[in-house]
Every structure is written in C-alpha cells, then in structure tokens.
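Chemist: Pasting a structure below so you can have a look.
In the working numbering, the protein residues as written are 568 to 824.
Take a look at the structure:
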C-alpha cells in the first residue's frame, strides 16, 4: 500500500522539486530582476510576510467558489435527470446547453452586472453557468450508457420507471457524474478569479489586480499558487467522496494501475 502511494505521489513531487531547483538556480545565475521573475524563495518569503492579508482574500474567493459550484452542480444534476427520460425535450435543449458555453465569461459578466447589480449575485451566476455544463453533459452521458441488457431485464421483471432510475441508471452514471464534478471544480476556481477581476473589493482576483498595478510579481505568483491549491483541494475533496460512494469503481481504477 505504501509503495503504491509513493509510486503515485513520488514522481510528481520529484518533478516539481526539480523545477523549483532549476528556477531558483536560473534566477541566481542570470541575475534576473525580482520584478520580472522572482525566485521561489522570494515567493515563499512574500507569502509568509503577507499571510494575514492573503488569508482574508483566499477565504472570500473560496466562499464565492463554493456557492457558485454548489448551485451549478445542483442545477446541472437536476437538468440532466429531468431531460434523460424525455428524449424529444433532450434533443431540443441539448444545443442550447452547448450554445450557453460559447459565450465568453468575460463578456457575460458585465451584462449580468447591469441586470443584477455589482454584488455577489452576478459572480455566482457566472460560476454556476461554467460548472453547469460539464456536470450536465457528463451526467446525461452516464445515464444514456446504462447497460441495455440489465435495463431490459429489470423492465421484464416489472420495475417501475423510478426503480429503473434509482437502482440502475443513476448508480451506473455515478462515475461519469463525478468526472463532470471534478472538471467543474477546476473551472469554478478560475471562474471566481475572473469574476473578481471585473468588480469586487476582496478576493484573490482583486488582490492580483492590485499587485499587477504595483508590479509586485512575487505577490502575483503567490496568488497563482493559492488559486492552484484551491483547485486541487476542491478536486481532491470530490475525488474522496467519489471513492467513498463508488467502491467498485475505485477498486477497478486501483487494479488497472
């Protein structure tokens, strides 16, 4: 078990460590200006010195991300479950779902601010819209790939439509559904960042704009690291829930590795 964990974590850790060593060495050898490319040491030192301010901005971004992700996930799952048993409506709505993702977030957010003001609501709507697409598509795809033989067998056994959904279709779609949730988790953090760029007085996005204006590249790198860590953390939480809910799927993945 320990060897397997090391095989999974070891190579990425070594790769990141080598990257940081090369980065630190290159900055020192070529005497690169700090405002252009700070060294990893400078970035860590700045994070340590400015942690209280960063903590407040991180908490604001995390709250915005979780609310938008939660709403987008709930709506996406609900839409997928409602459309699945109605093929005609599904074929009619599916193109509209695709079109909704071709509108740039940076263009949609100012319009939402005109409609809903400059508070949290337009930002939450943008994050929810971004999360909605991968969850809906992945869940619909998982539901559509239900084993036909088992479906026919349960129908012959007299199973109702609700029994087919809860006992066969939904369990079968869980791996696809969680894949959509993990993709949406990564998108949600970036969407929150973009939303904070447009207009807010707190959050990592707002912090990055302030540091950009001041040419504080080291602080911008700190913000980037925080955004990456938030995305990874949310991804890992969903993966943890997935492994607890889908034992057979997790076991199969481990066996394949």
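Even for Gly, the Cβ is constructed at its ideal location relative to N, Cα and C.
Can you give the Cα-Cα distance for residue 707 and residue 650, rounded to whole angstroms?
Modeler: In the chain shown, counting from the first residue as 1, residue 707 sits at position 140. In the chain shown, counting from the first residue as 1, residue 650 sits at position 83. So the alpha carbons of these two residues sit roughly 8 Å apart.
Chemist: I need the boundaries of the alpha helix (DSSP H) containing residue 667, first residue and last residue.
Modeler: Counted from its first residue, the chain shown places residue 667 at position 100. First-last of the alpha helix (DSSP H) with residue 667: 654-667.
Chemist: Do you know how far the Cα of residue 653 is from the Cα of residue 636?
Modeler: Here residue 636 corresponds to residue number 69 of the chain shown, with the count starting at 1. Here residue 653 corresponds to residue number 86 of the chain shown, with the count starting at 1. Taking the straight line from one Cα to the other gives about 26 Å.
Chemist: In chain order, what residues of the same chain have a beta carbon less than 6 Å from the beta carbon of residue 700, not counting five sequence neighbours either side?
Modeler: Taking the first residue of the chain shown as 1, we reach residue 700 at position 133. Closer than 6 Å at the Cβ level, and outside the excluded window around residue 700, lie 668.
Chemist: Once DSSP output is grouped into helix, strand and coil, what is the label at residue 782?
Modeler: Translated into positions along the chain shown, residue 782 becomes position 215. Note: residue 782 maps to coil in three-state DSSP.
Chemist: Please name the residue, chosen from 631, 769, 736 and 665, that lies closest to residue 690 on a Cα-to-Cα basis.
Modeler: Taking the chain shown and counting its residues from 1, the one referred to as residue 690 is at position 123. Cα-wise, what sits closest to residue 690 is 631.
Chemist: Report the residue ranges of all alpha helix (DSSP H) runs contained in full by the segment 718-787; include only those spanning at least 4 residues, in chain order.
Modeler: Within the segment 718-787, the complete alpha helix (DSSP H) runs of at least 4 residues are 728-731, 737-765 and 771-780.
Chemist: Are the segment 605-621 and the segment 788-801 in contact at 8 Å, needing three or more beta carbon pairs?
Modeler: Because the criterion of three Cβ pairs below 8 Å is met, the segment 605-621 and the segment 788-801 touch.
Chemist: CA-CA distance, residue 819 and residue 736?
Modeler: As a first step, residue 819 is located in the chain shown; it is residue number 252 there, counting from the start. As a first step, residue 736 is located in the chain shown; it is residue number 169 there, counting from the start. Residue confidence for residue 819 is low, a pLDDT of 46 falling below 50, so the modelled location carries little weight; the figure read from the coordinates is stated next. Rounded to whole angstroms, residue 819 to residue 736 spans 19 Å at the Cα level.
Chemist: Applying the criterion that 16 or more other CB atoms from any shown protein chain within 10 Å of the CB defines a buried residue, is residue 686 buried or exposed?
Modeler: As a first step, residue 686 is located in the chain shown; it is residue number 119 there, counting from the start. Exposed: under 16 other Cβ atoms inside 10 Å.
Chemist: If you follow the alpha helix (DSSP H) that residue 651 is in, where does it begin and where does it stop?
Modeler: In the chain shown, residue 651 corresponds to position 84, counting from 1. Here residue 651 belongs to no alpha helix (DSSP H), and DSSP marks it neither H nor E.
Chemist: Measure the C-alpha to C-alpha separation of residue 622 and residue 720 and round it to an integer number of angstroms.
Modeler: Indexing the chain shown from 1 puts residue 622 at position 55. Indexing the chain shown from 1 puts residue 720 at position 153. Distance between the alpha carbons of residue 622 and residue 720: 55 Å.
Chemist: For residue 677 and residue 765, I'd like the C-alpha separation in whole angstroms.
Modeler: To locate residue 677, count along the chain shown from 1; it is residue 110. To locate residue 765, count along the chain shown from 1; it is residue 198. In a straight line, the C-alpha of residue 677 is about 8 Å away from that of residue 765.
Chemist: Which whole-angstrom value describes the C-beta separation of residue 694 and residue 639, a residue pair presumed to lie in contact below a C-beta threshold of 8 Å?
Modeler: For this step, residue 694 is matched to residue 127 along the chain shown. For this step, residue 639 is matched to residue 72 along the chain shown. Between residue 639 and residue 694 the Cβ distance is about 6 Å, and since that is below 8 Å, they are a contact.
Chemist: Below 8 Å, can you find three or more Cβ-Cβ pairs linking the segment 745-763 to the segment 789-804?
Modeler: Enough Cβ pairs lie closer than 8 Å, so yes.
Chemist: Report the rounded CA-to-CA distance for residue 627 versus residue 656, giving the unit in angstroms.
Modeler: The residue labelled residue 627 in the question sits at position 60 within the chain shown. The residue labelled residue 656 in the question sits at position 89 within the chain shown. Spanning the two alpha carbons is a distance of roughly 39 Å.
Chemist: Which residues mark the beginning and the end of the alpha helix (DSSP H) in which residue 613 is found?
Modeler: Start at 1 with the first residue of the chain shown, and residue 613 comes out as number 46. Run containing residue 613: 607-616, per the alpha helix (DSSP H) assignment.
Chemist: For the alpha helix (DSSP H) that residue 682 lies in, which residues bound it at each end?
Modeler: Taking the chain shown and counting its residues from 1, the one referred to as residue 682 is at position 115. That run of the alpha helix (DSSP H) goes 672-683.
Chemist: Measuring alpha carbon to alpha carbon, tell me which of 589, 582, 613 and 587 ends up nearest residue 783.
Modeler: For the purposes of this step, residue 783 is taken as residue 216 along the chain shown, with counting starting at 1. It is 613 whose Cα lies nearest to the Cα of residue 783.
Chemist: Can you list, in chain order, the residues of its chain whose CB lies under 6 Å from that of residue 751, leaving out five sequence neighbours each side?
Modeler: As a first step, residue 751 must be located in the chain shown, where it is residue number 184. The residues are 698, 701 and 702.
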